[in-house]
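The structure under discussion appears below in the form of structure tokens.
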Amino acid sequence: MIVQKPSTDNPKPRGAFIVFEGVDRCGKTTQVGLLVKHLMTAGLAAMAMNFPDRTTMVGDLINQYLKSKQELDDRSVHLLFSANRWEAVPKLEETLSEGTTIVCDRYAYSGVAFSSSKPNLATELEWCKSCDVGLPAPDAVIFLDITQEQAEKRGGFGDERYEQSDMQKQVRKQFDKLQKEDEADGRVPWHFVNAAQTVDEVQHDINKIVESTISSVQESKKPVGKLWKAEK
Ligand code: DGP
């Protein structure tokens with residue numbers, strides 16, 4: 001991988017913002033860890049982030065909800081998930097501007113896909129999106145693609161609130177809608193990776209995508225975009 005050396009003519013480029021999405025048990029957490037390691041070994045500054053971030057006060061409420069210790073209205077919990085992302089924005093922007101690449105386990109796409117899969121919010125995709133309009137936009141979304149049947153064979157499925165087949169199948173449909181909308185908009189590229197391959201094969205595919213994303217962010221010098229915001 002080519003690592004750009006900063007100089008007076010060529011100040012330190014910003015980090016890239018890479019988001020992993022997919023249904024539960026698709027292997028995101030494993031691949032986020034491997035990617036951060038790979039980038040650091042190649043001499044790049046990289047950091048993992050994840051949403052929901054259960055370590056904050058808002059995240060603690062979300063955790064209680066996901067573990068079914070707390071009941072919350074669907075819109076209220078959607079707003080909490082969104083707030084959990086907004087509260088991370090200062091850190092996210094600072095980290096990218098310092099030249100560190102962020103590898104993020106879930107983001108606003110999960111927010112919309114999961115909430116709009118609930119019967120109460122099934123016709124509210126635009127409302128679900130509206131809470132996250134203006135968040136920093138990823139430079140690439142890596143979607144770990146796996147069938148529901150393959151995901152369920154992996155350990156731990158069924159422990160938390162949303163880990164039910166019907167819900168996850170609906171979530172997948174909503175992800176597809178969001179991908180098509182981003183494709184039509186042309187600003188955030190999605191990359192589908194076959195997550196049913198071995199861990200090494202998945203990692204190999206991801207590394208290629210991320211290396212080319214980092215190069216294009218460095219070459220284009222484009223600032224971090226805004227999610228789902230109409231361009232002026
Ligand atoms: P994880 O910690 O990645 O396993 O995510 C926990 C669960 O929460 C998982 O089923 C996906 C779901 N989830 C993640 N982000 C959001 C969100 O923003 N909104 C909703 N409704 N669900 C989310």
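In the UniProt record's numbering, the protein residues as written are 1 to 232.
We treat Cβ as the ideally placed atom computed from N, Cα and C, and that holds for glycine.
- A check of alpha carbon separations from GLU21 across GLU211, GLU93 and PHE114 identifies PHE114 as the nearest.
- Between the C-alpha atoms of PRO52 and GLU219 there is a straight-line separation of about 32 Å.
- Counting the other Cβ atoms within 10 Å of the Cβ of VAL23 gives 16 or more, which makes it buried.
- With a threshold of 7 Å, the Cβ atom of SER115 counts as near the ligand DGP, since some heavy atom of the ligand is closer than that.
- When C-beta atoms of the region 189 to 200 are compared with those of the region 142 to 150, three or more pairs fall below 8 Å, so the two segments count as touching.
- The Cβ atoms of SER117 and GLU124 lie no closer than 8 Å to each other.
- Annotation for GLU93: the continuous alpha helix (DSSP H) segment containing it runs 89 to 97.
- For TYR107, the closest of PRO138, THR95, LEU96 and GLY186 by C-alpha to C-alpha distance is PRO138.
- The beta carbons of GLY111 and LYS226 sit no closer together than 8 Å.
- Bounds of the alpha helix (DSSP H) holding ASN63 are 57 to 66.
- Taking the Cβ atoms as the reference, SER82 lies roughly 5 Å from ASP132, within the contact range of under 8 Å.
- Not one heavy atom of the ligand DGP sits closer than 7 Å to the Cβ of GLU21.
- About 11 Å separates the beta carbons of VAL224 and GLU94, which is beyond the 8 Å limit, so they are not a contact pair.
- Contact between GLN31 and ILE206 holds: CB atoms are separated by about 6 Å, below the 8 Å threshold.
- VAL36 has its alpha-carbon roughly 11 Å from the corresponding atom of GLY43.
- Relative to the ligand DGP, GLY156 has its C-beta separated by 7 Å or more from all heavy atoms.
- DSSP places CYS104 within a strand segment (E or B) once states are collapsed to three.
- In the three-state scheme derived from DSSP, where H, G and I count as helix and E and B as strand, LYS180 is classed as helix.
- ILE209 is positioned such that its CB atom lies closer than 8 Å to that of ILE142.
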